[in-house]
Structures are given as C-alpha cells and as structure tokens.
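Enquirer: Structure below; questions to follow.
2 protein chains.
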Amino acid sequence: MFYIIGLGLGDPDDITVKGLNIIKQCERIYLESYTSILSCGQEKLEEYYGRKLILADREMVEQRADEILDGADTQSIAFLVVGDPFGATTHTDLMLRAKEKGIHTSIVHNASIMNAIGCCGLQLYHFGETISIPYWDDSWKPDSFYDKIVANLKHGLHTLCLLDIKVKEPTLESLMKKKREYMPPRFMSVSEAAGQLLEIVANRQAGEADGIESQKEHSLNENSLIVGLARVGHETQQIVACSLIEMKDKDLGPPLHSLIIPNGNLHPLEKEFLQQFAELDQ
Amino acid sequence: MFYIIGLGLGDPDDITVKGLNIIKQCERIYLESYTSILSCGQEKLEEYYGRKLILADREMVEQRADEILDGADTQSIAFLVVGDPFGATTHTDLMLRAKEKGIHTSIVHNASIMNAIGCCGLQLYHFGETISIPYWDDSWKPDSFYDKIVANLKHGLHTLCLLDIKVKEPTLESLMKKKREYMPPRFMSVSEAAGQLLEIVANRQAGEADGIESQKEHSLNENSLIVGLARVGHETQQIVACSLIEMKDKDLGPPLHSLIIPNGNLHPLEKEFLQQFAELDQ
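Here's what the structure looks like:
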C-alpha cells in the first residue's frame, strides 16, 4: 500500500492519530520537501516518529517516482506532505503512477493553508479563486494574477494569495556548467508581496491615465485593507490587518507567509474578527 | 483556556495527536452537532476518547454560549467541530464571545470538506466561490446559487456545492403550539441536488426561449459533467463522475454528500484523475 499522509501545518503533533499509526508500521517514509515547509523541521519530525525520513525533492518526485513506489505492492510505503495530500499537482500525479502499476493508495487528510486561513475570521465560502504571487526578477515581472484579484473583488469575494517558494533552484552558472549548484532557499514574505502589488497598482494607475479602461471601483490602491498571515496553525502564528502600503513595512518573521485581499464589503462578524489583528499591531 | 478542535472528516482517529492530548485533560467537552456530522457517530467518539461528550445543538451554541464558556478562564474546556474549526460562522462568533470575557482561545486545525475535495483530482486553486444548495419546498425554491455556478464557469473555475443539512428543525405544528417537536434529520443527497439543478436548467432554458439574454456558453445542461462525492475522508468514501441527468439516479449511500461542477476546460491531469471515477461506475 502506498500512503500519502498530510502533516498539517505546524508541529509534529499536528499529524492525525491515523497518520501516525500508519507511519510507525511503514518500510520507508518519504518527506516531500519542495512545495511547502513544516515550521518544525525534519529533525524534530524524525525524533517524534522515532523513524528516519527520506527527503524527496522535486527532482526525485518528478523523475524518480519508480524509486519511491518500489515495493509498495507488497510493503507499506508512506509519502508525507505538509498540509493536505492534494495541495499540489505532483502528488496527484504520483497517485496516478501508483494506479498504473496496480499499487493501492490510501490518503490521510489534514489541514492545509486552503482551509486554515479561516483563522483570520474571513469566511471560506466568501473566497474566490486562489492565486499565486511569483518572485519577480529584473526581466520577468508577470502580473496576470492581479486581474484575478480584481475579478474576485467584482464578485464580492476574498482572494487568498499563496506566496512563492524557491527551493533547490539551480544557479544560472550551474545550468551552464552542468554541475549541480543551488541557490539558497527563498520564501516570499508578505512585505515582498505587498511591494510587488504596489508596483502593479502604480503601473495600472499610469495605464488608466493613458486611457486604458478604468476599473477603479474594483481595483486595489495603497489604502486597500489586506491581511498578512505567517506560520498559520503554529504556536508563533501572526496575523496583521492593515493597508497595502503599511504591509510593505511589516516584518512577520520566519516563513511561510500568506496574504489575503478581503472583498470591499465585509460581513459585520468578519469585520469584528479582523479588528483584533489591527489592534494588536498598531 | 477554551479549545476549538477540528475532528477531520471520518473516523475517530482522524483527530490530530495534539487535539487528542488536549481532550484528555479537559474538564468539559462539547461536540457541535448541527453544521455537520461525523460518519462514525457520538458513541464511537466517546469510546475512543474514554470521555463523555456534551452534545451542543444550534440552540445551545447560539443562545447558551455562556454555559459553554463557563469556567474556561481557569479550566480547560473543549469544543469539538467536525472538519475544521472555522467551517461555520457560529464558531467564529463563539471565539469572539470568549474574547469579550477575557478567555484565551486556542485552535486545533484539521481537514474539512473545503480542502479534502481535492481527493477527486480537481485542483483546489481552480475552484471559484463555494455555494450552498438549500432544500426546496412547495413554496420556496431559491435558485440564485445557479448564477454563481455560471460566474465560476465563465472564469474557468470549478464550483464546490455544499448540500443542505436539516437537523433539529422544528415542525410547523410545534411552532404554533410553542411545544418543541422536531422533524427527522435530513441530509441532501447528490441525487436530490441534481434534481433541483435540472429543474433550474429547465426553467432557465424556457426563459432563454422567451427572450431573456442567453448565457448558453457557460450554463449547465443535462449532459454537463458533474462529480458527486459521499463520505469524503471515510473508508466508505465514494466518488462518481457522470452527467447531471445521470447523477439524478445515483445512490451514493449515507450522508454527507457534496457535489462539484467542474469547469468546461479540464487540465489533462484532472481529466485523467476523474476518469477512474467514471469507469468505476459505468
């Protein structure tokens, strides 16, 4: 049996009892290490389970799936994923490959950022499409996600923004040399995300002045309310509600960070709940 | 401390290790019983925890919150919720009331239908606004949720449809007599939901023929692909992918059921994954 087990968001004991019992009787245990990170780190997990974990990076999952699945027709193999097993496309792909080989799979669900962001008091059924904000560089500054935020605002919906993670990114040099060298891991902060959003807002406003159709009513500006979340589900969780321009100067500490753009028409209960995160900080 | 603990979706051992350890040292433990149901039932939970649970129905949570929170400033009180603590507005309200009283609260997250529906292979970040389909009666047939499905389809997004639950609904007679009598609990099935959707589709098509602006391109019809899910996260989980009209005749067994309207432009991986649920059934 091939088990894909969600670890939840924060501590080793955020695993479910079901998941922990399965891990204890597995032959090999892989820990997926590139779509997310657990606040507690690998060593703490190994200590907690009393078992060694094999780190599975992107290259292993995408190119050496056979190795991971090897023997799972007769033995129990576990693949651990931060959050819920269905948070990333590659895990779905892994399940399909197992099925092709006639290997039975079993899923153990857990909390993920997709439902845990309810902790800021914004109701999950008022959220529209989730977007990802990618790191920009000097020559590549995609901004199409901004249109999705605007579409959500138009329909009175909140937007969850997942912030970019760069783990095991090869350096440009190593690509040319064909020798593997990696850049240090990077996790986008709410401050960096706010900075990129402000740049887009400025560009669009310039565009509007130049005659491009205005969508002012449903667009963002410097004073738009946004919510920054760090280490959701962990003891050190932090939530801040402030304006977009203020968010640029916030330091919410270590990763992972997420951002929410609330709709412009909050339910009274949502407003009341958010208020506590504005007070705390200002 | 007042703990709100998510139980996940299926079995007693879907609780997290953290949640279970907290329950074991609490003075009183409430089990919320009206926004959802756990497949396994109250008795199995009590046996598993080795503790008695106090059932908290809608009336208790909305009108006797003081009773639930009593003593939580000095003792540990737990409030158990199927899925994740932030799945329903009333739990957010309970947290605010605790805060007003100066009682500290702590949240233990878990999987909920909002993220676990990823199990059908449709990617969570391709979902738009979640809708609720209410039970109709002879005189009350609201259909505004249909417009939200159409809006999602227009933006290439899937729609999760949460299906109505009627628990402890007073009978009309009892309202008049001022004597409490309740109707038997009802949980909408994917078949019932498909039936109501087909009625709306027929009405809208008649409307279009009468000259109302056509939105044919992004509307549903009898042959639209839909996905029915039952008891997600539980051993007996069932997923069926078929046309809307076929879904009307499906029996997916005991509650809870949910329905997904996929967008018309599936990613190849989503299509491949869904296929297995079409094969199983046809």
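Those protein sequence lines, which keep their order, are chains A and B.
Take the first sequence: its position 192, counted from the start at 1, is 495 in my numbering, and no numbers get skipped.
Take the second sequence: its position 273, counted from the start at 1, is 576 in my numbering, and no numbers get skipped.
Heads up, the beta-carbon is just placed ideally off N, CA and C, and yes, glycines get one too.
Model, not experiment: these values are computed from the prediction.
I need the DSSP call for Q541 of chain A, collapsed to helix, strand or coil.
Expert: If DSSP states are grouped into helix, strand and coil, Q541 of chain A belongs with the strands.
Enquirer: If the cut-off is 9 angstroms on Cβ atoms, which residues from the region 306 to 338 of chain B count as contacting chain A, listed in chain order?
Expert: Answer in chain order: G309, G311, L312, G313, D314, P315, D316, D317, I318, T319, V320, K321, G322, L323, N324.
Enquirer: Grouping DSSP H, G and I as helix and E and B as strand, with all else coil, what is Y438 of chain A?
Expert: Correct three-state label for Y438 of chain A: coil.
Enquirer: Taking the continuous beta strand (DSSP E) assigned at H394 of chain B, which residues delimit it?
Expert: That residue, H394 of chain B, is in no beta strand (DSSP E); its alpha helix (DSSP H) goes 392 to 403.
Enquirer: Between the beta-carbon of V385 of chain B and the beta-carbon of S435 of chain B, is there less than 7 angstroms?
Expert: It is not a contact, given that the beta carbons lie outside the stated cut-off.
Enquirer: Between P565 of chain A and the ligand PLP, is the CB less than 6 angstroms from at least one heavy atom?
Expert: Annotation note on the ligand PLP: not contained in the displayed structure, which lists no ligands.
Enquirer: Give me the chain A residues within the contact set of K402 of chain B, using Cβ-Cβ distance strictly less than 8 angstroms, ordered along the chain.
Expert: Within 8 angstroms Cβ-Cβ: Q579.
Enquirer: Rounded to a whole number of angstroms, what is the C-alpha to C-alpha distance between Y351 of chain B and P315 of chain B?
Expert: Going by the C-alpha atoms only, they are around 7 angstroms apart.
Enquirer: From A:I420, A:H458, A:I503, pick the residue whose C-alpha is nearest to that of L465 of chain A; which is it?
Expert: When only C-alpha atoms are compared, the closest one is A:I420.
Enquirer: Quick one: what's got a C-beta closer than 7 angstroms to Q328 of chain B's C-beta in the same chain, skipping five residues either side?
Expert: Excluding sequence neighbours, Q328 of chain B sits near S379.
Enquirer: Only counting the same chain, and skipping five residues up and downstream in sequence, which positions put a Cβ closer than 6 angstroms to that of S415 of chain B?
Expert: So the list reads G386, D387, G390, once near-sequence residues are dropped.
Enquirer: How would you list, in chain order, the residues of chain B whose beta-carbon sits under 9 angstroms from the beta-carbon of S522 of chain A?
Expert: Here the premise fails: no neighbours, minimum Cβ distance about 17 angstroms.
Enquirer: Taking buried to mean at least 16 other C-beta atoms within 10 Å of its own C-beta, is Q366 of chain A buried or exposed?
Expert: So Q366 of chain A ends up on the exposed side.
Enquirer: Against chain B, with Cβ distances strictly below 7 angstroms, would N566 of chain A count as a contact?
Expert: Closer than 7 angstroms: no.
Enquirer: Which of helix, strand or coil does DSSP assign to C464 of chain B?
Expert: Residue state, collapsed to three classes: strand.
Enquirer: Work out the CA separation of H560 of chain B and K551 of chain B for me, nearest whole Å.
Expert: Those two C-alpha atoms are separated by around 13 angstroms.
Enquirer: Using only CA atoms, which one of B:R361, B:F430, B:I548, B:Y485 lies nearest to P473 of chain B?
Expert: Of the candidates B:R361, B:F430, B:I548, B:Y485, the one whose C-alpha sits nearest the C-alpha of P473 of chain B is B:Y485.
Enquirer: Can you have a look at L475 of chain B and say buried or exposed, based on whether 16 or more other CB atoms are within 10 angstroms of its CB?
Expert: Burial call: exposed.
Enquirer: May I ask you to list the residues that DSSP assigns as paired with F490 of chain A?
Expert: Beta-bridge pairing links F490 of chain A to A:I468.
Enquirer: Classify I358 of chain B as buried or exposed, calling it buried when 16 or more other Cβ atoms lie within 10 Å of its own Cβ.
Expert: Residue identity differs from the one stated: residue 358 of chain B is Leu in this sequence, not Ile. Exposed, because fewer than 16 other Cβ atoms sit within 10 Å of the Cβ of L358 of chain B.
Enquirer: L528 of chain B bridges to which residues according to DSSP?
Expert: B:S546.
Enquirer: Below 7 angstroms between beta carbons: does that hold for N566 of chain B and L456 of chain B?
Expert: Taking 7 angstroms as the Cβ cut-off, N566 of chain B and L456 of chain B qualify as a contacting pair.
Enquirer: Please state whether the Cβ-Cβ distance between F490 of chain B and T408 of chain B is less than 7 angstroms.
Expert: No, they are not a contact pair.
Enquirer: Return the Cβ separation of K451 of chain B and E432 of chain B in integer angstroms, given the expectation that the two are a contact with Cβ distance under 8 angstroms.
Expert: Rounded, the Cβ-Cβ distance is 5 angstroms, consistent with contact.
Enquirer: L569 of chain B touches chain A at which residues, Cβ-Cβ below 8 angstroms?
Expert: Residues of chain A passing the Cβ test: none, with the nearest at roughly 13 angstroms.
Enquirer: If you run the structure through DSSP and keep just helix, strand and coil, what is L577 of chain B?
Expert: Here L577 of chain B sits in helix by DSSP.
Enquirer: Look at the Cβ atom of L555 of chain B, then the Cβ atom of G531 of chain B, and state whether they are nearer than 7 angstroms.
Expert: Yes, the pair counts as a contact, with Cβ atoms nearer than the cut-off.
Enquirer: Is the shortest distance between the beta-carbon of H461 of chain A and the beta-carbons of chain B less than 7 angstroms?
Expert: Closer than 7 angstroms: no.
Enquirer: Nearest-angstrom Cα distance between K553 of chain B and D446 of chain B?
Expert: The alpha-carbon atoms of K553 of chain B and D446 of chain B are separated by roughly 22 angstroms.
Enquirer: With DSSP as the reference, label H570 of chain A as helix, strand or coil.
Expert: Looking at H570 of chain A - three-state DSSP - the assignment turns out to be coil, as it is neither helix nor strand.
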